[in-house]
Every structure is written in C-alpha cells, then in structure tokens.
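In our numbering, the protein residues as written are 411 to 801. Glycine residues also receive a C-beta, built at the ideal position from the N, C-alpha and C atoms. Treat the numbers as computed from the prediction; the structure is a model and nothing was measured.
Written out as structure tokens, the structure reads:
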C-alpha cells in the first residue's frame, strides 16, 4: 500500500486501514486504502495546525471517521452505485464525498455558547450576628436581623442556559431530556463513548434553568476532547468546536471562570492516584496569589498552563492536598502565574510533587490546551529555568 514516507504512521492507523479495506476486491481495496490514507493525512495536517502532535492528530482523524466497519459499509454503498455514475474521475469524487460525510465534514462547525457569568443569589438572614470579613455583603441590617449576600467574586460562575445545552447537544447528535426526578439527562453525541450524565439545575435566572459550564467536562470523550484558548475559550468535541461567547464580558473573565472550575478533573488526567487518595480523596484549592512567577516557555500565545504544587503534609500520611493556578501564555512564550510559594523547582514527574531540597517546593507546569484530555500527562513541560524565585 502507498504511504507518505515523511509522515510516520502509528501502528493503530495501519491496523485501521487494513480493517477498513478488508473484504473488498483488490482494485477497490487499493483505491480505498489510498483515499483513506490521503484523507487521514490531510485531516491530520489541519489538526496539527491546531496544536496537536503528529501522532495525536492522526489518531484523532481516525476517530472522526468512526469504526472501520462503518467505513467499509459506507464504501461498499459507494461501490454499489451504477457503473456510469462511478466511472473514471467520478469514483474519486464519490469516495472523497463519502469520507467527508463519515467524518462529519471538514472538522465540524463552530458552535457559539452564550454564557452567564453572575449567578443570582438570594439574601441569607440571621438574627443577632453580624458577619465579618469580605466573603459577604450586608444588604439589610435592623431590628436584630442581618441579611447578607455572597461577595461579587463568589457570585461569579460560568453557566449555560437549558436552551444553549439543547442546541449544543443537537448539533453533536445528542440529547437533553428532563427526568422524573427533575434532573436532566445530558448526552453530547450519539455514541456510547461520548458519555452522559444526569445533573440537577444549578440555578434559575429570569425563569430559565441554568447549568454550570463545567458540567460539559464530565460527559465528553477525553480521547477526542481538546481545550482551546484563554481569551475566548473553546472545547473541541468530536470535531466540532464549542466556543464560549465572550463579547459581553470583561476580557479574560470567561477563561478564568471556566478553567478554574475544572481544575479537579484536569488533575485526575495528570496525576496518578495514590493509596491515600483512594482512601481519603484528593482535594484541590486555588493557590493564594501571594507570589507571581514569571516563566519562559516555548509555547504559543493564548495557550493555557496549569501550575500544580503539593504542600508538605501536616499529619502522618502523605499529603493529598494540591494547590493549582491557571494562566494564559503571553508573547514570546512568557507566563506570569500565581503561587502561594515563593521558591519553586519544576519537575516532570508528578510523583516528585512535594517539598524539595533547599527550601523549595517541587511543581508541575502543564500545558492543558490543544492536546486531548486523555493525554494531558504529555503536556507536562519544564520552563527554561528549572528553579523559579518569585518577584
């Protein structure tokens, strides 16, 4: 079979081509193999422009086509067309059109998701107690009763309306259905790999149900789901790009709210699960913005990185508490990221997280955009300086 010598082909792709062409007459088998390979390589080149590695791009392109048996069935129907129609150059056009349809078009369309960034909250009232600190706003006080609402920052959250979720699910071939319990069953695709979840309504606004945007993260196939961008964050789901609408929000707010809301599931893709975490669970908290580390990387602007640290344990068991920070990459690959630690040492192995020699704390820096969620461990990078002292 033919191939491009300058593009190494993973064994899984070769196996896919062999299975997809199995059982066809030899001449048709060769034609389909060549057409499939050309389609996969061309699609992979476009995916590489989006930031995927060559290997991941090829694997993603095969996933978009579906199972080999599905391809074989589709091509059998093409070859069953009247000979007059399938003759000569028309045969190649028919093959290309069939592959295009199987893959769902050239990478799918862009779906814009309107968002709500402030959750409406009702006042909470208590008798004889005046809350202190910045976590609450006093909206009424008198006759021994104090009523408060959460601070403005606590009320900020990224949410999608039920109508938006319905539109997204329909575009992806999935569904959103209300259950007898009042919860909603959400499926973002027509295949079993897509996954589904039953979730409650997060809150109501103007009489409409809303759901936290992080809900999307738990019901997509991690092998085909890719995060993109910070200024205008998006999810690449099965070849379709779902982009959060940022036109009516302050610059960077949507990216900040979305990425900060998914740090725990991100860690689940990056960190191996220890015995203690199996028993006691893993906890994640945003790092306090006490220090800012300025790092040099080879990443492109608007990529997004995750900083992970694990403070020293306070008890006998190994610490399962993690501190995380999210930041976009700026010009020339520079990253300014917050931490509650002044002296960091960057490592490439999650098992090394924790205190390091010389009073430093080991840290991971992970690129979380333009790479499949299931491959986030491969996104671990080491900045130009292994040791960083905050300014």
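Could you say which of the options lies nearest to residue i if we only look at CA atoms?
i	options	result
residue 525	703, 712, 615	615
residue 469	422, 441, 577, 766	422
residue 573	559, 523, 790, 583	523
residue 582	529, 547, 647	647
residue 721	708, 744, 754, 709	754
residue 465	627, 750, 782	782
residue 552	535, 567, 565, 560	535
residue 788	775, 796, 520, 428	775
residue 707	734, 756, 675	756
residue 699	660, 693, 746	746
residue 579	675, 554, 606	606
residue 676	641, 532, 733	733
Our contact map puts residue i next to residue j with C-beta atoms below 8 Å; I'd like the distance itself, whole angstroms only.
i	j	result
residue 610	residue 593	5 Å
residue 736	residue 670	6 Å
residue 709	residue 739	5 Å
residue 613	residue 530	7 Å
Looking at the secondary structure, which residues open and close the alpha helix (DSSP H) in which residue i lies?
i	result
residue 425	421-431
residue 674	673-680
Where do the N-terminal and C-terminal ends of the beta strand (DSSP E) with residue i fall, by residue?
i	result
residue 589	Counting along the chain, residue 589 falls outside any beta strand (DSSP E), and DSSP gives it neither H nor E.
residue 630	No beta strand (DSSP E) holds residue 630; DSSP gives it neither H nor E.
residue 597	594-597
residue 792	Taken as a continuous stretch (DSSP letters only), residue 792 belongs to no beta strand (DSSP E), as it is neither H nor E.
residue 571	566-571
residue 784	Neither: residue 784 is in no beta strand (DSSP E) and is coded neither H nor E.
residue 534	534-537
residue 836	For residue 836 there is no data in the structure shown, the boundaries of the chain being 411 and 801.
residue 622	618-622
residue 614	613-615
residue 652	650-654
residue 693	693-696
residue 559	555-560
Keeping to the same chain, check which residues put their C-beta closer than 7 Å to that of residue i; ignore five residues upstream and five downstream.
i	result
residue 806	As displayed, the chain neither begins before 411 nor continues past 801, which places residue 806 out of reach and without an answer.
residue 431	439, 442, 443
residue 472	423, 426, 450
residue 457	467, 470, 471
Taking 8 Å as the cut-off, is the CB of residue i close to at least one heavy atom of the ligand MG?
i	result
residue 594	As far as ligands go, the structure on display features none, and thus does not contain the ligand MG.
Please work out which residues of its chain come closer than 8 Å, Cβ to Cβ, to residue i, disregarding the five sequence neighbours upstream and downstream, and give them in chain order.
i	result
residue 744	704, 705, 706, 707
Using C-beta distances below 6 Å, list every residue in its chain close to residue i, excluding the 5 sequence neighbours before and after it, in chain order.
i	result
residue 673	694, 734
Is the stretch 620-632 touching the stretch 763-778, taking contact as three or more C-beta pairs under 8 Å?
By the Cβ rule, the stretch 620-632 does not count as touching the stretch 763-778, because fewer than three pairs are nearer than 8 Å.
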